[in-house]
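First residue of the sequence shown? That's 697 in the numbering used here, and the numbers climb one at a time after it. For glycine and all other residues, C-beta sits at the position ideal for the given N, C-alpha and C. Taking it in order: structure first as structure tokens, then the write-up.
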Amino acid sequence: MAQIYQFPQGEERAKFRKEIARERKKRFAVKTGSTFVKWLGWGWFYLRLLVASVLHFIFVFVLAILGAFKWAVFWLGGILCVIT
Numbered sequence: 697m698a699q700i701y702q703f704p705q706g707e708e709r710a711k712f713r714k715e716i717a718r719e720r721k722k723r724f725a726v727k728t729g730s731t732f733v734k735w736l737g738w739g740w741f742y743l744r745l746l747v748a749s750v751l752h753f754i755f756v757f758v759l760a761i762l763g764a765f766k767w768a769v770f771w772l773g774g775i776l777c778v779i780t
């Protein structure tokens with residue numbers, strides 16, 4: 697059976713595949729937005745995650761200290777109420 701179509705071979709095929717990949721990336725970039733906006737979004741996400749983690753750690757640390765010294769907080773608070 698004879699070949700009806702001439703398919704690119706070797707270097708020409710690699711060049712053709714690169715062109716297709718480049719066009720696909722362009723269409724994908726248009727569809728999803730620019731790379732800078734995407735990186736900005738991920739940066740904002742990780743910044744919020746970092747802030748939430750730090751605040752959570754500080755809050756839990758303070759509660760642990762108050763829990764460890766609850767007897768002192770109870771008596772000092774009671775004395776403060778009696779004095780004032």
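- Inter-residue distance for ILE754 and LEU736 is about 27 angstroms (C-alpha atoms, whole angstroms).
- Unbroken beta strand (DSSP E) runs of no fewer than 3 residues, entirely contained in the segment 725-773, are not found.
- Counting only the Cα atoms, ARG713 lies some 15 angstroms from GLN702.
- Taken atom to atom, the span from the alpha-carbon of VAL756 to that of VAL733 is near 34 angstroms.
- DSSP, read as helix, strand or coil, puts ILE775 in helix.
- Taken atom to atom, the span from the alpha-carbon of ALA748 to that of ALA760 is near 18 angstroms.
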